[in-house]
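Under the numbering used here, read the sequence shown as residues 56 to 255, first letter to last.
A virtual CB, placed ideally from N, CA and C, is assigned to each residue, including glycine.
Beneath this line is the structure, given in C-alpha cells, with notes to follow.
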Amino acid sequence: MVFQQELFEPTPTQVTQDDDGGICYLPACLGAAHAQQWFDVLLKDAGWGAYRRKMYDREVAVPRLITGYADDAPSLPEPLAEAFALVRERVNAPFNHVGLNLYRDEKDSVALHGDKVDKLVQGEPIAILSLGETRRMSIRARHEPVRVRHIDLEAGSVLIMSYESQLTHEHGIPKLTRPCGPRISLAFRCVANPTARTPN
C-alpha cells in the first residue's frame, strides 16, 4: 500500500500498564506527507456533524464535530480504507468501526471519560490515529492513587488503549489557552453489535 513506504519503526512509550497491554503511544506510524494528505481529504469529505447533549438541566453543543464509519460502509472516504489497514497492521486487532472527531481549534475538547465497554468486543483494544495539529491527551487513574499523565498526540501517531484500561483510567483532550489549528482523531474499535457499525 502507498503508505507503507513512509512507515517507520517507532519507539513506543508505555503510558500505563495492565495485563492487556495498558496504554501505549507509537509516534511516526504514518509519514508527514500522507498524514497531511489524509487530513486534507477527511477535513473536506468526512461528513462532519454538529451535535448537542443534555448537561444537567440544559442542552449544550458538543465542543467538536463528529462522524463515524463501519469498515464496510459504501460511503467510506478514500483514506479510511488505508487507515484501517495501517492500524490493523500496527495493533493486530480486527477493527471494524472508526469514530472521527474534529477539534476545530483550541476551544474544542472532550472531557475525561472511558469508552463504554458494553459496545466493544471484550479484550480487544482501541487505537487512536492523530492527524493535523498536536493536541495533549490527559490520562487519569480512576482509583487511588489517582495520577494524571499527559501525552502529546502528534500527527501520524497511534495511541493504543487496552480494553482493560477503559475500566481503570479515563482519557480526554482539554481546551488550550493558546491558539491551535484543527486536529482530526480516528478512533478504531472492534464493535460487538453489528447494528452499531453505522455512521455516528
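- At the C-beta level, residue 186 and residue 93 come within 8 Å of one another.
- If you look at residue 70, you'll find it in the beta strand (DSSP E) that goes 68–71.
- Here DSSP, grouped into helix, strand and coil, assigns residue 212 to coil.
- Relative to the Cα of residue 193, the nearest Cα in the group 100, 231, 157 belongs to 231.
- In this structure, residue 98 lies near residue 237, with their beta-carbon atoms less than 8 Å apart.
- No residue range can be given for residue 164, since it is assigned to no beta strand (DSSP E) and is classified by DSSP as neither H nor E.
- When secondary structure is reduced to three states using DSSP, residue 207 falls in the strand class.
- Within the same chain, and ignoring the five residues on either side of residue 219 in sequence, the residues whose Cβ sits closer than 6 Å to its Cβ are 73, 75.
- Ranking 223, 217, 213 by CA distance to the CA of residue 198 puts 223 first.
- Under the DSSP assignment, residue 89 falls in the alpha helix (DSSP H) whose first and last residues are 87–100.
- Judged by DSSP in its simplified three-state form, residue 223 adopts helix.
- When secondary structure is reduced to three states using DSSP, residue 174 falls in the helix class.
- Membership of residue 201 in any beta strand (DSSP E) is not indicated, and neither H nor E is assigned to it by DSSP.
- Contact check for residue 67 against residue 85 fails: the beta carbons are separated by 8 Å or more.
- Just measuring C-alpha positions, the residue of 100, 69, 246, 239 sitting nearest residue 158 is 239.
- Considering only 188, 247, 164, 148, the residue with the shortest C-alpha distance to residue 207 is 188.
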